[in-house]
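Student: Submitted below is the structure of interest, expressed as C-alpha cells.
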Amino acid sequence: MRSSDKTHARSVAAASAALCGATYIFGIAMLLGPLADAPLSQSGSDPKETLAMITQNAGLLRLWYLVIYMVNGLALAALVVSLRGLSPRTLGTSVLGAYGLIWAAFVIAAGAIANVGLQSAQLAISHDAIERAADLWVTTQLMENAIGGGNEIMGAVWISGMAITLPFGGVLFRAFGLSVGVCGLMTLVPFTQDFAGMTFGLGAILWFAACSVTLLRNRTPVPCLT
Numbered sequence: 008m009r010s011s012d013k014t015h016a017r018s019v020a021a022a023s024a025a026l027c028g029a030t031y032i033f034g035i036a037m038l039l040g041p042l043a044d045a046p047l048s049q050s051g052s053d054p055k056e057t058l059a060m061i062t063q064n065a066g067l068l069r070l071w072y073l074v075i076y077m078v079n080g081l082a083l084a085a086l087v088v089s090l091r092g093l094s095p096r097t098l099g100t101s102v103l104g105a106y107g108l109i110w111a112a113f114v115i116a117a118g119a120i121a122n123v124g125l126q127s128a129q130l131a132i133s134h135d136a137i138e139r140a141a142d143l144w145v146t147t148q149l150m151e152n153a154i155g156g157g158n159e160i161m162g163a164v165w166i167s168g169m170a171i172t173l174p175f176g177g178v179l180f181r182a183f184g185l186s187v188g189v190c191g192l193m194t195l196v197p198f199t200q201d202f203a204g205m206t207f208g209l210g211a212i213l214w215f216a217a218c219s220v221t222l223l224r225n226r227t228p229v230p231c232l233t
C-alpha cells in the first residue's frame, strides 16, 4: 500500500473508531434517559408492558436502533477494513479481520430485525391485535438479543485478539483490551449478563477512543488492529 493510501486508511480508521465509541455513548445515554423506564431486553418483564411504550415512543426507538445497530455496524466494518489495510498480511490478522466483519454483520442484522419487528408490532397494535403484538415483540427481542446485545461473543473475541496483536499501547492498554474482552464473554453467563454487558459497553467506549487517539497521533503508517 502506498504511503498516501496508508495515511487515508489511518484517518478512516481513527474516524470509524471514534464513531463506534460515540454510538455506544448515545445508546447508553438513551437507556439512562428517554428509554430508562422502557422494559427493553429485561429478563422477567411482561411483554405486554412494552406495547404502550412502543405506541408512544416508536420514533425514539427507531432512532435508537438506527444508531446503536446500523451506524455502529457500518462504522465497525469500516474500522476493520481500513485497519486491515494497515496491517501485515498474516493468517492471524486475516482471521481477526474476518471475526471483526462477522461482528459488524451481526450488529447490522440485529438492527434490521429490531426495526422490522417494531414495525410489525405497531401494525398489530393498530389493528387491536394485542396478543399478536406481544408475541411479535417477544420474538423480536429474542432474535435481536441472540445476535445483538444479548451476548457479545464476537466482540469479545475480536477485541481480545486486538489486545494481543496491537503493535502499540503498551502493557496497560493490552491488559485493558483483554479485560474488556473478558467482560464480553461473561455475557454468556445468565446471572452476570446485565452487569457484564454494561461493563463491556463502557469498556468498549474507552477502547475505541484510545485506538482513535493513538491512530491520530501516529504520523507514520503502522500495522494496527486487524
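Per our numbering, residue 8 is the first one in the sequence shown, and the count goes up by one each step. Even glycine gets a Cβ: it sits at the ideal position worked out from N, Cα and C.
Per the contact definition of three or more C-beta pairs closer than 8 angstroms, is the region 117 to 128 in contact with the region 144 to 164?
Tutor: Verdict: yes, contact present.
Student: Give the C-beta separation of residue 103 and residue 169 to the nearest angstrom, bearing in mind that I take them to be a contact with Cβ-Cβ under 8 angstroms.
Tutor: The Cβ separation is near 7 angstroms, so the contact holds.
Student: For the region 129 to 139 and the region 55 to 71, state whether three or more C-beta atom pairs, one from each stretch, are separated by less than 8 angstroms.
Tutor: The region 129 to 139, when compared against the region 55 to 71, does touch it at the 8 angstroms Cβ threshold.
Student: Specify the secondary structure class of residue 70 as computed by DSSP and reduced to three states.
Tutor: In this structure, residue 70 counts as helix in the three-state DSSP scheme.
Student: For the putative contact between residue 222 and residue 24, defined by C-beta atoms under 8 angstroms, what is the C-beta separation to the nearest angstrom?
Tutor: That belief holds up - the Cβ atoms of residue 222 and residue 24 are roughly 7 angstroms apart, short of 8 angstroms.
Student: Rank 101, 146, 34 and 19 by C-alpha distance to the C-alpha of residue 204 and give the top, closest one.
Tutor: Minimum Cα distance to residue 204 is reached at 34.
Student: What are the boundary residues of the alpha helix (DSSP H) that includes residue 98?
Tutor: Its alpha helix (DSSP H) spans residues 98 to 133.
Student: How about residue 79 and residue 114: do their beta carbons lie closer than 8 angstroms?
Tutor: Their beta carbons are under 8 angstroms apart, which means residue 79 touches residue 114 by this criterion.
Student: Taking the alpha helix (DSSP H) that residue 77 falls in, what are its first and last residues?
Tutor: It is not in any alpha helix (DSSP H) - residue 77 carries neither H nor E in the DSSP assignment.
Student: Tell me whether the beta-carbon of residue 180 lies closer than 8 angstroms to the beta-carbon of residue 191.
Tutor: No, they are not a contact pair.
Student: So, residue 100 versus residue 199, is the Cβ gap smaller than 8 angstroms?
Tutor: Going by C-beta atoms, residue 100 is not nearer than 8 angstroms to residue 199.
Student: Look at the Cβ atom of residue 163, then the Cβ atom of residue 28, and state whether they are nearer than 8 angstroms.
Tutor: Their beta carbons are not under 8 angstroms apart, which means residue 163 does not touch residue 28 by this criterion.
Student: Which parts of the region 150 to 193 are runs of the alpha helix (DSSP H), unbroken and 4 residues or longer, counting only runs that do not cross its ends?
Tutor: Complete alpha helix (DSSP H) runs here, min 4: 160 to 172 and 177 to 192.
Student: Between residue 150 and the rest of its own chain, which residues show a CB-CB distance below 7 angstroms, the 5 nearest in sequence each way excluded?
Tutor: So the qualifying residues of the chain are 120.
Student: Alpha carbon to alpha carbon, how far is residue 87 from residue 224? Give it in angstroms, no decimals.
Tutor: Residue 224 and residue 87: Cα-Cα distance of roughly 19 angstroms.
Student: Which stretch, first to last residue, makes up the alpha helix (DSSP H) that contains residue 201?
Tutor: Element bounds for residue 201: 200 to 224.
Student: Kindly list the residues whose CB is nearer than 7 angstroms to the CB of residue 76, restricted to its own chain and excluding five residues on each side of it in sequence; keep chain order.
Tutor: The answer, listed in chain order, is 114, 115, 117, 118, 121 and 155.
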